[in-house]
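Presented below is the structure to which this report refers.
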Amino acid sequence: MKNKWVYIVFFILAIIAVILYFSNKNGTIKEELKDFAVPDTASITRIFMVDKDNSQVKLERKENYWMVNGTFVARPDAIKTLLETIKTVSVKSPVGKAAMPNIIKQLATNSVKVEIYKGSEKIKVYYVGSPTPDQMGTYMVLENSSVPFITFKPGFFGYLSPRYFTDQVLWRDNSIFLYAFKDIASVNARYTLQPEKSFTAISNGNNSFTLVDNLNNPVKDFDEQLVKEYIGSYKKIKCESYVADFSSRRLDSLLKTKPIAILSVTNRKGEINSLKLFPRPNFSQFIDDKGNLLPNDPDAMYGVLNENKQVMVCQYFVLDPLMKPISYFFKKTAS
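So the sequence shown is numbered by the numbering used here: it starts at 12 and just counts up by one.
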């Protein structure tokens, strides 16, 4: 199916190029054939991109964020860069007739197809190819266009193809928990190896909180301010990175082991985000004060969010404030 698509694109573009080569004698090109930009990017609701290896990504606008393939929140910085490019991409010049057959072939065999939507309407489709030899322009062609062009972004020195990438892992935002305080209904911290340290912190609204132990018994005497601050800690928590080469076998083995902790946030709609944390092997060969090799990485651990089969690297430095024992919230009595 993939090869069939490549051949269809190649022959269509090749035929168009040949027609232009022999019939375009006055050198003029219709304006709509080089109209790549979408000035009103605020109206864009969806962007779909696919390359010749059938790696594809669907970016969809939500209320105040974008989703990747309906599964992950997209990186705000990458979305901003892509939208700025879509808004301002301009034509530097058409591809010269001598170079056109080679560029047509390149676009047919090594390009990214970009589809831009406003609601359900497809408002723009074009193909993004390789950089020019001086790497100051990018070969592109509009769908149904008669000629490819060299494009650029005003004020940017370089080529644009890296901005149109299709790896969903690279598009994914590294936020684990991203909440407004008012949206959190409860937080559960469960420690499988030390269950007596587990708890649930509940936000009742109106600055009122409840603390429940691992047996679901309410704690009578606790510091509400500490509980409030703890719940607020889930405002913006990010992982260090995602592990791209984590095999299915390794993942299955990891999920069968007991996690260090399971941190779960329930929002006001009843939706749950649950992060399982596991020891990470000591790849960097850290040693203790006596020169002994540590069994696990002392700086980072593995995390799996919502059983989504994407393993992340999480720093203890970031997550330690969330991994409190229930005793942390008990009121301290004067000695």
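Beta carbons are placed, not taken as given, at the ideal position from N, Cα and C, and that holds for glycine. Note that this is a predicted model, so its numbers are computed, not measured.
1) Is it buried or exposed for G148, if we count other Cβ within 10 angstroms and need 16 for buried?
2) What did DSSP end up calling P206 once you bin it into helix, strand or coil?
3) What would DSSP say about E282, mapped onto helix, strand or coil?
4) By alpha-carbon positions, which one of T211, S156, A119 ends up nearest to P273?
5) Where does N215 fall in DSSP's three states?
6) Judging by CA-CA distance, which residue of D184, R261, K45 is the nearest neighbour of Y138?
7) On the DSSP bridge assignment, give the partners of V152 in chain order.
8) What residue does the alpha helix (DSSP H) around K267 start on, and which one ends it?
9) Among the candidates S172, Y170, L288, whose CA atom is the shortest distance from the CA of D331?
10) Among residues of its own chain, excluding the 5 on either side of I242, which ones have a beta-carbon nearer than 6 Å to its beta-carbon?
11) For F163 and K208, which I take to be in contact (beta-carbon distance under 8 Å), what is that distance rounded to the nearest angstrom?
12) Exposed or buried, V152, counting other C-beta atoms within 10 Å across all chains shown (16 or more means buried)?
13) Let me confirm a value: F385 is counted as buried when at least 16 other C-beta atoms fall within 10 Å, else exposed. Which label applies?
14) Let me check understanding here. Comparing Cα to Cα, which of N278, T92, I271 lies closest to R174?
15) Flag this pair as touching only if the segment 288-308 and the segment 223-231 have three or more C-beta atom pairs under 8 Å; answer yes or no.
16) For P292, which residues of its own chain have a beta-carbon under 7 Å away from its beta-carbon, when the five flanking residues on both sides are left out?
17) So, is Q321 buried or exposed, given that buried needs 16 or more other C-beta atoms within 10 angstroms?
18) Quick one: grab the DSSP three-state call for M60.
19) If we count the other Cβ atoms within 10 Å of its Cβ and call it buried at 16 or more, is K124 buried or exposed?
20) So if DSSP puts K129 in a beta bridge, which residue, or which two residues, is it bridged to?
Based on what the coordinates show:
1) In the sequence shown, the residue the question calls residue 148 occupies position 137. Per the 10 Å Cβ criterion, buried.
2) Residue mapping note: residue 206 aligns to position 195 of the sequence shown, counting from 1. Taken through DSSP and simplified to helix, strand or coil, P206 comes out as helix.
3) As a position in the sequence shown, residue 282 is number 271, starting the count at 1. E282: coil per DSSP, three-state reduction.
4) Position 262 of the sequence shown, counted from the first residue, corresponds to residue 273. Residue identity check: residue 273 is Ile in the sequence provided, not Pro. Ranked by Cα distance from I273, the first of T211, S156, A119 is T211.
5) Taking the first residue of the sequence shown as 1, we reach residue 215 at position 204. Strand, per DSSP.
6) As a working mapping, residue 138 is identified with position 127 in the sequence shown. Out of D184, R261, K45, K45 has the C-alpha closest to the C-alpha of Y138.
7) Looking up residue 152 in the sequence shown gives position 141. Residue pairing by DSSP puts V152 in a beta bridge opposite Y138.
8) In the sequence shown, the residue the question calls residue 267 occupies position 256. Taken as a continuous stretch (DSSP letters only), the alpha helix (DSSP H) holding K267 covers 259-267.
9) Mapped onto the sequence shown, residue 331 falls at position 320. Distance from the Cα of D331 is smallest, within the candidate group S172, Y170, L288, for L288.
10) The sequence position of residue 242 within the sequence shown is 231, counting from 1. Result list for I242: I195, V198, A212, S214, in chain order.
11) Position 152 of the sequence shown, counting from 1, holds the residue named residue 163. Position 197 of the sequence shown, counting from 1, holds the residue named residue 208. About 58 Å separates the two Cβ atoms, so there is no contact after all.
12) What you label residue 152 is simply residue 141 of the sequence shown in a count that begins at 1. Buried: at least 16 other Cβ atoms inside 10 Å.
13) This structure leaves residue 385 out entirely; the chain is present only between 12 and 346.
14) Here residue 174 corresponds to residue number 163 of the sequence shown, with the count starting at 1. Restricting attention to N278, T92, I271, the CA atom closest to the CA of R174 is found in T92.
15) Short answer: they don't touch.
16) Indexing the sequence shown from 1 puts residue 292 at position 281. Sequence-distant Cβ neighbours of P292 in its own chain, meaning closer than 7 Å and more than five residues away, are N307, D308.
17) As a working mapping, residue 321 is identified with position 310 in the sequence shown. By the beta-carbon neighbour count (other beta carbons within 10 angstroms, threshold 16), Q321 is buried.
18) Within the sequence shown, the letter at position 49 stands for residue 60. Strand.
19) As a working note, residue 124 is residue 113 in the sequence shown. Looking at its Cβ environment, which holds 16 or more other Cβ atoms inside 10 Å, K124 is buried.
20) Here the question's residue 129 lines up with position 118 in the sequence shown. Answer by DSSP bridge pairing, in chain order: E132.
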